[in-house]
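Q:
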Amino acid sequence: MNKLHILPLFFIAATLGLFSCTGKPEPEKPNILFILADDQCYNTIDELGNHEVITPTLDALARQGTVFTTAYNMGGWNGAICVASRTMFNTGRFLWRAHAYDKRLGELNESGQLWSKEMEKLGYDTYMTGKWHIKINPGEIFTHAGTDRPGMPKATPEGYNRPLSETDTTWRPWDKKFGGFWEGGTHWSEVVANETMDFMDTAMVSDNPFFMYIAFNAPHDPRQSPKEYVDMYPLENIAVPESFLPLYPYKDDIGCSSRLRDARLAPFPRTEYAVKVNRQEYYAIITHMDAQIGRILDKLEETGQADNTYIFFTADHGLAVGNHGLIGKQNMYEHSLRPPMIVVGPDIPAGKKKKMEVYIQDIMPTVIEYAGGVVPDYVEFSSLKSYIDGTATESNYPEVYGAYKDLQRMIRMDDYKLIVYPYAGVKRLFNLEDDPQEMKDLASDPSQKERVDNMYAELQELMVSMGDTLKLQDFQFEL
Numbered sequence: 001m002n003k004l005h006i007l008p009l010f011f012i013a014a015t016l017g018l019f020s021c022t023g024k025p026e027p028e029k030p031n032i033l034f035i036l037a038d039d040q041c042y043n044t045i046d047e048l049g050n051h052e053v054i055t056p057t058l059d060a061l062a063r064q065g066t067v068f069t070t071a072y073n074m075g076g077w078n079g080a081i082c083v084a085s086r087t088m089f090n091t092g093r094f095l096w097r098a099h100a101y102d103k104r105l106g107e108l109n110e111s112g113q114l115w116s117k118e119m120e121k122l123g124y125d126t127y128m129t130g131k132w133h134i135k136i137n138p139g140e141i142f143t144h145a146g147t148d149r150p151g152m153p154k155a156t157p158e159g160y161n162r163p164l165s166e167t168d169t170t171w172r173p174w175d176k177k178f179g180g181f182w183e184g185g186t187h188w189s190e191v192v193a194n195e196t197m198d199f200m201d202t203a204m205v206s207d208n209p210f211f212m213y214i215a216f217n218a219p220h221d222p223r224q225s226p227k228e229y230v231d232m233y234p235l236e237n238i239a240v241p242e243s244f245l246p247l248y249p250y251k252d253d254i255g256c257s258s259r260l261r262d263a264r265l266a267p268f269p270r271t272e273y274a275v276k277v278n279r280q281e282y283y284a285i286i287t288h289m290d291a292q293i294g295r296i297l298d299k300l301e302e303t304g305q306a307d308n309t310y311i312f313f314t315a316d317h318g319l320a321v322g323n324h325g326l327i328g329k330q331n332m333y334e335h336s337l338r339p340p341m342i343v344v345g346p347d348i349p350a351g352k353k354k355k356m357e358v359y360i361q362d363i364m365p366t367v368i369e370y371a372g373g374v375v376p377d378y379v380e381f382s383s384l385k386s387y388i389d390g391t392a393t394e395s396n397y398p399e400v401y402g403a404y405k406d407l408q409r410m411i412r413m414d415d416y417k418l419i420v421y422p423y424a425g426v427k428r429l430f431n432l433e434d435d436p437q438e439m440k441d442l443a444s445d446p447s448q449k450e451r452v453d454n455m456y457a458e459l460q461e462l463m464v465s466m467g468d469t470l471k472l473q474d475f476q477f478e479l
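Oh and the sequence shown: position 42 is 42 in our numbering, straight run, nothing missing.
1. Keeping to the same chain, check which residues put their C-beta closer than 6 Å to that of threonine 69; ignore five residues upstream and five downstream.
2. With DSSP run on the structure shown, which of helix, strand or coil describes aspartate 127?
3. With a cut-off of 8 Å on the beta carbons, I'd call tyrosine 416 and methionine 455 a contact; round off their distance for me.
4. With a CB to CB cut of under 6 Å and the five nearest residues on each side skipped, what residues in its chain are close to tryptophan 171?
5. Rounded to a whole number of angstroms, what is the C-alpha to C-alpha distance between asparagine 396 and phenylalanine 142?
6. I believe leucine 260 touches glycine 79 by the beta-carbon criterion, under 8 Å. Please report the beta-carbon distance rounded to the nearest angstrom.
7. Using a 10 Å radius around the Cβ and a threshold of 16 neighbouring Cβ atoms, would you call glutamate 281 buried or exposed?
8. How about isoleucine 388 and glutamate 458: do their beta carbons lie closer than 8 Å?
9. Measuring straight from C-alpha to C-alpha, what distance separates asparagine 331 and glutamine 305?
10. Which runs of the beta strand (DSSP E), 3 residues or longer, sit entirely within the segment 298-360?
11. Arginine 63: buried (16+ other C-beta within 10 angstroms of its C-beta) or exposed?
12. First and last residue of the alpha helix (DSSP H) that includes glycine 106?
13. Any idea what DSSP makes of valine 420, helix, strand or coil?
14. State the beta-bridge partners of glycine 75 as determined by DSSP.
15. Closest to glycine 318 by C-alpha separation, out of Ala60, Met341 and Asp406, would be which residue?
16. Can you tell me which of the three DSSP states glycine 23 falls into?
17. What did DSSP end up calling isoleucine 214 once you bin it into helix, strand or coil?
18. Between which two residues does the beta strand (DSSP E) containing phenylalanine 34 stretch?
19. Mind checking which residues open and close the beta strand (DSSP E) that includes valine 426?
20. Going by DSSP, name the residue or residues bridged to aspartate 434.
21. Could you name the residues of the same chain whose beta carbon sits closer than 7 Å to that of cysteine 21, not counting the 5 residues immediately before and after it, in chain order?
22. Short of 7 Å in beta carbon distance, which residues of its chain neighbour proline 246, apart from the five on each side in sequence? Order them along the chain.
23. Please classify aspartate 434 as buried or exposed, where buried requires at least 16 neighbouring CB atoms within 10 angstroms.
24. Contact check, asparagine 217 vs methionine 152 under 8 Å by CB: the rounded distance?
25. Taking just the CA atoms, how far does arginine 428 sit from glycine 23?
26. Compute the distance between the beta-carbons of tyrosine 370 and lysine 385, then report whether it is under 8 Å.
27. List the endpoints of the continuous beta strand (DSSP E) containing isoleucine 411.
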């Protein structure tokens, strides 16, 4: 064919929609942009009900797409809950079976049984940047990789046990001398955005669609951000959580003592002032991250790829930040088990909120289905595609399971939650519909004895199905 025939064919193809406005061939499959925050509680988005926090980008995403309002992480096998959460995301296995592969991810890489490898099989260019924190090099399992960040920066001792009083000004989130997220000179959230935007330019010259795994360290501690973001949150405007306690009554028996790193961020006993400062800095780093996500989405639009991209936003788990006398995420309360979860895309219903119990790792098989693949048999989490498009209504999870080490177990059935502390010998029961802050323990109420017994029996059955080897019958309980 001579050159005179090529130009008309291009215009015919463009007329038929075979090329995007950028001149890049339209991929047959959609792009996937997965954005993962760290330690972000479900109630830290303005559009979803917390009007203290400023999140214009996430607000817009929530309005544009479908929000799962009760999405859970199952918990963790050590204090770094993020390790378990991310291992579940990437392997598709439930908590304890994911744990079995924690140090054997190379085997799954060789067999192609990892999220990125499944996407690669479907013809995707795969990319990862940011916080990784599982035991395999991302460069081994993604076709492209940016900066691989650790679980958190080097120790910043000045950021612990503070503030001791209103005159304690040792720590400033914007002070770069402390390192932390400022290590290297540019805030790590900004680096994630910069590298993500750079890869979008690279993706433009590829014939393949992209799967991008974008993992922020924010809003994990040390909760650092530029001063302008902290100034958005005057301390007098920060509310103390309704469930505030100076000390949690069972902290030593559930692994939340002063020996736990997260717990040491604020002084014991907790003070309302220290909790307000921690929440001020928590909100500020969330707003700073929100701005970086905004930059990423602007770039997506600029490159002409937004209309053919599914966006999934969540976090690896939530965080207490002063609720119940707790600071970290090593507990079975809603604030720590539940992050936000938003899905946006070409045919995703806008402005929908689905109150159905799901796991955040359901995103993994959901992405595979939206990419045109078949969910492999080894994946234990459930695709949400049929729930998003309305062809299914009842959750695949009649019970929700939670665990932390051998110290805590949880089951949610309908609107009730039972928390079990084996070493403390305590069971706690909450009605989540009437008591969303989980402040009224019903376990000792005689009228609830049958419910407690039934849920405890269901929990033990659920534990067996999960591969959980803890034997609750070996412990003595008050009730």
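Note that CB positions come from ideal geometry on N, CA and C, so glycine has one too.
Fair warning: this is a prediction, and the values are worked out from it, not measured in the lab.
A: On the basis of the data shown:
1. The sequence position of residue 69 within the sequence shown is 69, counting from 1. Same-chain partners within the cutoff: Lys353 and Lys355.
2. Within the sequence shown, numbered from 1, the residue matching residue 127 stands at position 127. Per the sequence shown, residue 127 should be read as tyrosine rather than aspartate. Strand.
3. In the sequence shown, the residue the question calls residue 416 occupies position 416. In the sequence shown, the residue the question calls residue 455 occupies position 455. Taking a contact as a CB-CB distance under 8 Å, the pair tyrosine 416 and methionine 455 counts as one, their CB atoms being some 7 Å apart.
4. Locating residue 171 in the sequence shown gives position 171, where the first residue counts as 1. Only Glu158, Gly159 and Arg162 meet the Cβ criterion.
5. Reading the sequence shown from its first residue, position 396 is the one you call residue 396. Reading the sequence shown from its first residue, position 142 is the one you call residue 142. Computed Cα separation, rounded: 30 Å.
6. Position 260 of the sequence shown, counting from 1, holds the residue named residue 260. Position 79 of the sequence shown, counting from 1, holds the residue named residue 79. Contact holds; Cβ gap of about 6 Å.
7. Translated into positions along the sequence shown, residue 281 becomes position 281. Glutamate 281 is buried by the Cβ-count criterion.
8. Counting from 1 along the sequence shown, the entry for residue 388 is found at position 388. Counting from 1 along the sequence shown, the entry for residue 458 is found at position 458. No, these two residues do not count as a Cβ contact at 8 Å.
9. The count along the sequence shown starts at 1 and reaches residue 331 at position 331. The count along the sequence shown starts at 1 and reaches residue 305 at position 305. Asparagine 331 and glutamine 305: Cα-Cα distance of roughly 40 Å.
10. 309-315, 341-344 and 352-359
11. Mapped onto the sequence shown, residue 63 falls at position 63. The residue is exposed, with fewer than 16 neighbouring Cβ atoms inside 10 Å.
12. By one-based count along the sequence shown, residue 106 stands at place 106. Segment 105-111, the alpha helix (DSSP H) holding glycine 106.
13. As a first step, residue 420 must be located in the sequence shown, where it is residue number 420. It is a strand residue.
14. For the purposes of this step, residue 75 is taken as the residue at position 75 of the sequence shown. Bridge partners of glycine 75: Ala403.
15. Against the sequence shown, residue 318 aligns to sequence position 318. Answer by Cα proximity: Met341.
16. Sequence index remark: in the sequence shown, residue 23 carries index 23 (1-based). Note that glycine 23 has pLDDT 47, beneath the 50 cutoff, so the model's placement of it is unreliable and no number is given.
17. As a working mapping, residue 214 is identified with position 214 in the sequence shown. If DSSP states are grouped into helix, strand and coil, isoleucine 214 belongs with the strands.
18. Taking the sequence shown and counting its residues from 1, the one referred to as residue 34 is at position 34. First-last of the beta strand (DSSP E) with phenylalanine 34: 31-37.
19. Residue 426 sits at position 426 when you count from the first residue of the sequence shown. Looking at the DSSP string, the run of the beta strand (DSSP E) that includes valine 426 is 426-431.
20. As a position in the sequence shown, residue 434 is number 434, starting the count at 1. DSSP, once it has assigned bridges, lists no residue as partnering aspartate 434.
21. Looking up residue 21 in the sequence shown gives position 21. Bear in mind that the predicted position of cysteine 21 carries a pLDDT of just 45, short of 50, making it unreliable; the figure below should be weighed with that in mind. So the list reads Gly304, once near-sequence residues are dropped.
22. The sequence position of residue 246 within the sequence shown is 246, counting from 1. Excluding positions up to five away in sequence, the list reads Pro269, Arg270 and Gly325.
23. Within the sequence shown, residue 434 is the residue found at index 434, counting from 1. The residue is exposed, with fewer than 16 neighbouring Cβ atoms inside 10 Å.
24. Within the sequence shown, residue 217 is the residue found at index 217, counting from 1. Within the sequence shown, residue 152 is the residue found at index 152, counting from 1. Between methionine 152 and asparagine 217 the Cβ distance is about 7 Å, and since that is below 8 Å, they are a contact.
25. Here residue 23 refers to the residue found at position 23 when the sequence shown is read from its first residue. Here residue 428 refers to the residue found at position 428 when the sequence shown is read from its first residue. Note that glycine 23 has pLDDT 47, beneath the 50 cutoff, so the model's placement of it is unreliable and the number below is only indicative. Looking at the two C-alpha atoms, the distance is approximately 60 Å.
26. If you number the sequence shown from 1, residue 370 lands on position 370. If you number the sequence shown from 1, residue 385 lands on position 385. Yes; because the gap between Cβ atoms is below 8 Å, this pair is in contact.
27. To locate residue 411, count along the sequence shown from 1; it is residue 411. Segment 408-413, the beta strand (DSSP E) holding isoleucine 411.
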